[in-house]
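Novice: For reference, each letter of the sequence shown is one residue, going 1186 to 1445 in this note's numbering. In this text, a Cβ means the ideal position worked out from N, Cα and C, and glycines have one as well.
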Amino acid sequence: MINSFGMRNDGGERIATRAGAILLDPGWLLNVARPASGDPALESLFEPHSWSGRGELVAVSGGRGSAWFVGDAGRWVLRHYRRGGWVARLCTDRYLWNGERRVRAFAEWRLLADLSRRGLPVPKPLGARYHRSGLVYRCDLITERIAGARTLSASLTAAPVPTRTWRAVGAVVARLHAAGADHADLNAHNILVAPEADEVEVRVSVIDFDRSRLRPPGAWTRRNLARLHRSLDKVSRGLPADRFPAAAWKSLLDGYALHL
């Protein structure tokens, strides 16, 4: 929704382009040097080759090869939406047009903006774009990078995860569930954990809210947890037995119960 000043109620500024639209956080835009005003310059913010030309592009390992750290010292994350599963064989990054409100990057922007305003540990949305061509569109999203963090899957692979970390993960999932956030793909790769050294509290964040939504309490919370458990089982398969013992999952559930 757009208010009388042309600003969206989610804090983004909508800018029409030749083939779609862009959402931008006006405050963030002030930090991004661009060659000139206008659609081409703004759209270049969503083009990896543009950042590469400035020496400010680093590919993110893992996933589908569609995310990059961009900006000075990789301060932000640029993600191009790509399909997964069998449908990706037919269409890698195009989605059926069902109106601007259903654009996946814009929907994720709205959700992240809402959760960020409520102080939940998710990346702040900075920019989103879609490019429409007839009945299909492509889209991209730029968010803040969670500084000094790595995925729970990487932490699990490297060494045993401390009990306090498992509890902190459970607590963050509980906070998101209490807010009604149904994460469509809650797994060990979408949970970020800050380095443990010299920290009294563990910092945990959750990323990648594509296809996620806000909804009333229900059975979906148990499905979220079951999905996370399957992911942890899969990641720890073949690793030493101390990486994901039964006690680890119990600690996660303890943290969850204390903060729901």
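(1) Quick one: what does DSSP say S1318 is sitting in, helix, strand or coil?
(2) I1327 bridges to which residues according to DSSP?
(3) Looking only at its own chain, which residues have a Cβ that is under 7 Å from the Cβ of N1375, when we skip the five neighbours before and after it?
(4) Below 8 Å on the Cβ atoms is my contact criterion, and I expect A1206 with E1285 to pass it. Report the Cβ-Cβ distance as a whole number of Å.
(5) In the stretch 1332-1401, which residue ranges form an unbroken alpha helix (DSSP H) of at least 4 residues, counting only runs that do not cross its ends?
(6) Could you name the residues of the same chain whose beta carbon sits closer than 8 Å to that of R1323, not counting the 5 residues immediately before and after it, in chain order?
(7) Determine, using beta-carbon pairs with one atom in the stretch 1396-1412 and one in the stretch 1364-1380, whether at least three such pairs fall under 8 Å.
(8) Taking 8 Å as the cut-off, is the CB of Y1322 close to at least one heavy atom of the ligand GTP?
(9) Below 8 Å CB to CB, which residues in the same chain sit around A1359 once its five sequence neighbours on both sides are set aside?
(10) Assuming the contact rule is C-beta atoms closer than 8 Å, L1143 and G1312 should be a hit. Round their C-beta distance to whole Å, please.
(11) With a threshold of 16 other CB atoms inside 10 Å of the CB of L1424, please say whether the residue is buried or exposed.
(12) How many angstroms separate the CA atom of S1222 from the CA atom of I1200?
(13) What number of angstroms, rounded off, separates the C-alpha of T1342 from the C-alpha of P1233?
(14) Alpha carbon to alpha carbon, how far is F1429 from V1262? Give it in angstroms, no decimals.
(15) Going by C-alpha to C-alpha distance, which of D1395, V1420 and T1406 sits closest to G1269?
(16) Less than 8 Å between the CB atoms is what I'm expecting for P1308 and L1296, so what's the real figure, rounded?
(17) In whole angstroms, what separates the C-alpha of P1380 from that of W1282?
(18) Taking the alpha carbon of S1301 as the reference point, which residue from K1419, W1351, D1427 and G1196 has its own alpha carbon closest?
(19) Return helix, strand or coil for A1226, following the three-state DSSP convention.
(20) Compare the beta carbon distance of S1340 and V1378 with 9 Å and say whether it is the shorter of the two.
(21) Considering only the beta carbon of each residue, do L1214 and E1198 sit closer than 9 Å?
(22) So, is D1338 buried or exposed, given that buried needs 16 or more other C-beta atoms within 10 angstroms?
(23) For F1254, does the three-state DSSP call read helix, strand or coil?
Specialist: In short, the structure shows the following:
(1) As a working note, residue 1318 is residue 133 in the sequence shown. It is a strand residue.
(2) Locating residue 1327 in the sequence shown gives position 142, counting from the first residue. Partner(s): L1263 and G1312.
(3) For the purposes of this step, residue 1375 is taken as residue 190 along the sequence shown, with counting starting at 1. Here the set comprises V1391, I1392 and D1393.
(4) Working through the sequence shown from its first residue, we reach residue 1206 at position 21. Working through the sequence shown from its first residue, we reach residue 1285 at position 100. Going by Cβ atoms, the distance from A1206 to E1285 rounds to 7 Å, so yes, they are a contact pair.
(5) 1337-1343 and 1348-1363
(6) Residue mapping note: residue 1323 aligns to position 138 of the sequence shown, counting from 1. Closer than 8 Å at Cβ, skipping near neighbours: H1265, Y1266, D1278, R1279, Y1280, Y1315 and H1316.
(7) Three or more Cβ pairs closer than 8 Å define a contact, and the stretch 1396-1412 meets that threshold against the stretch 1364-1380.
(8) The model on display carries no ligand, and the ligand GTP is accordingly not part of it.
(9) Along the sequence shown, one-based indexing puts residue 1359 at 174. Counting only Cβ-Cβ distances below 8 Å, and skipping sequence neighbours, we find G1440, Y1441, A1442, L1443, H1444 and L1445.
(10) This structure cannot speak to residue 1143, because the chain is shown only from 1186 to 1445.
(11) To locate residue 1424, count along the sequence shown from 1; it is residue 239. L1424 should be labelled exposed.
(12) Residue 1222 sits at position 37 when you count from the first residue of the sequence shown. Residue 1200 sits at position 15 when you count from the first residue of the sequence shown. Confidence is the limiting factor: at S1222 the pLDDT is only 48, short of 50, which leaves the residue's position unreliable and the question unanswerable from this model.
(13) Reading the sequence shown from its first residue, position 157 is the one you call residue 1342. Reading the sequence shown from its first residue, position 48 is the one you call residue 1233. Those two C-alpha atoms are separated by around 30 Å.
(14) Within the sequence shown, numbered from 1, the residue matching residue 1262 stands at position 77. Within the sequence shown, numbered from 1, the residue matching residue 1429 stands at position 244. Cα-Cα distance, rounded: 29 Å.
(15) Your numbering for residue 1269 matches position 84 in the sequence shown. It is D1395 whose Cα lies nearest to the Cα of G1269.
(16) To locate residue 1308, count along the sequence shown from 1; it is residue 123. To locate residue 1296, count along the sequence shown from 1; it is residue 111. In fact, because the Cβ distance is near 11 Å, the residues do not count as touching under 8 Å.
(17) The residue labelled residue 1380 in the question sits at position 195 within the sequence shown. The residue labelled residue 1282 in the question sits at position 97 within the sequence shown. If I take the Cα positions, the gap works out to 41 Å.
(18) For the purposes of this step, residue 1301 is taken as the residue at position 116 of the sequence shown. Looking at the Cα atoms, G1196 is the closest of the given residues.
(19) By 1-based counting over the sequence shown, the position of residue 1226 is 41. DSSP places A1226 in helix when its eight states are reduced to three.
(20) Along the sequence shown, read from residue 1 onward, the residue named residue 1340 stands at position 155. Along the sequence shown, read from residue 1 onward, the residue named residue 1378 stands at position 193. Less than 9 Å divides the Cβ of S1340 from the Cβ of V1378.
(21) Locating residue 1214 in the sequence shown gives position 29, counting from the first residue. Locating residue 1198 in the sequence shown gives position 13, counting from the first residue. In contact: L1214 and E1198 (Cβ atoms closer than 9 Å).
(22) Within the sequence shown, residue 1338 is the residue found at index 153, counting from 1. Reading off the sequence shown, one finds Ser at residue 1338, where the question assumed Asp. Under this definition S1338 is a buried residue.
(23) Taking the sequence shown and counting its residues from 1, one reaches residue 1254 at position 69. DSSP places F1254 in strand when its eight states are reduced to three.
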